[in-house]
Each structure stands twice: as C-alpha cells, then as structure tokens.
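In this note's numbering, the protein residues as written are 1 to 175.
Here is the structure:
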C-alpha cells in the first residue's frame, strides 16, 4: 500500500494513493456521463465537467466520488480552476503519447500519470488513513456534508441542461 503524507496547517495527514485501475474505473463512469454532450460539442463540455469538479470543494468528479478518490496538489491543497484547466489540457498529452502518459502511473513513486506530474497533482483516497496531531479528537470527516453535495447537484443539473439544450437544438434543426 503506497501512501503520501501531506502537511496541512501543521497537521501531517496520510493518504493512500489511488491505484491505476481505480482511476480507470472512475474515468469510465465520467466518460459515460459526458460522452453525449462531448460528441456534439467537442472539448467544451469535457473541459468544464472535469475542471469545475476538480476545482470544487469535493475535489473529485462523479466517477471519482463513486470510487472514493479525489484529486489534490502534492502540497495537499485543493487545486483551483486554472490548475484544473491546465491538468485537463495536459491530459491530452496522454493521447499524443499513445497512452504512455497513463502507464507512467505504474512506474511513478506517487502513482502519477503524465498530466499529474506536469501539474504537480496526485490522486488519493478521499478519506485519510490517519492524521498526526496533538489532539487526537480532530475528525477530518466531520465537515459540512450538505456543502459537499452541492458540486454533485450542480454537475447533475448542468449535464441535464446541456443534454436538454442539445436535444432541443437537434430537434430544431431536424425540422
């Protein structure tokens, strides 16, 4: 089991690194969600889907949430929209390298793919293994759960609106 220890405001938090196959499973779920809008309008829906969700407070896409993993900077901080956008477009390098960029995950100490290495990000399990702090009573999982659900709700609403708008446009131009 590979782990990474990140210092977050004086607290060392240890996370288990997400496996390659778990990341593939999350990507498969996300691809199923975004395939129809992306086939009609290339790049834009995919970019917004991944960039907005990775920059959200949950730090994960719908597929990553389903697999219990999230994205963070190597420093442990949440990434912003700019870095999330850069990571999305760096992911295209994996296509240009005939997916060799994805295979780097097997050889990287931190299980990083090419786009993770370029952007300084890492994919970990959502819940930390343990934290080292003076007070053992600190529970990092007791955050406002209703606040965490908002990015998922917003994403679902956006996907429904995009699909609805695209279907309406298709029907309009069919006449």
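By construction, the Cβ of each residue, glycine as well, lies at the ideal position given by its N, Cα and C atoms. Note that the structure is predicted; figures quoted are calculated from it, not measured.
Between the alpha carbons of residue 53 and residue 63 lies a distance of about 11 angstroms. With a cutoff of 8 angstroms on beta-carbon distance, residue 105 and residue 28 are scored as not near each other.
Ranked by Cα distance from residue 69, the first of 25, 93 and 33 is 25. Here residue 89 has 47 as same chain residues with Cβ atoms under 8 angstroms from its own Cβ, once five neighbours each way along the sequence are excluded. Per DSSP, the unbroken beta strand (DSSP E) holding residue 69 starts and ends at 69 to 73.
For residue 131, the secondary structure class from DSSP, reduced to helix, strand or coil, is strand.
Counting along the chain, the unbroken beta strand (DSSP E) around residue 6 starts and ends at 3 to 8.
Residue 45 is positioned such that its CB atom lies no closer than 8 angstroms to that of residue 55. Taking the C-beta atoms as reference points, residue 16 is found nearer than 8 angstroms to residue 125.
The three-state secondary structure of residue 16, taken from DSSP, is strand. Nearest neighbour of residue 65 by Cα position, chosen from 84, 113 and 50, turns out to be 50. Contact check for residue 75 and residue 6: beta-carbon distance about 7 angstroms, within the 8 angstroms limit, so the pair qualifies.
Residue 121 is bridged by DSSP to 73.
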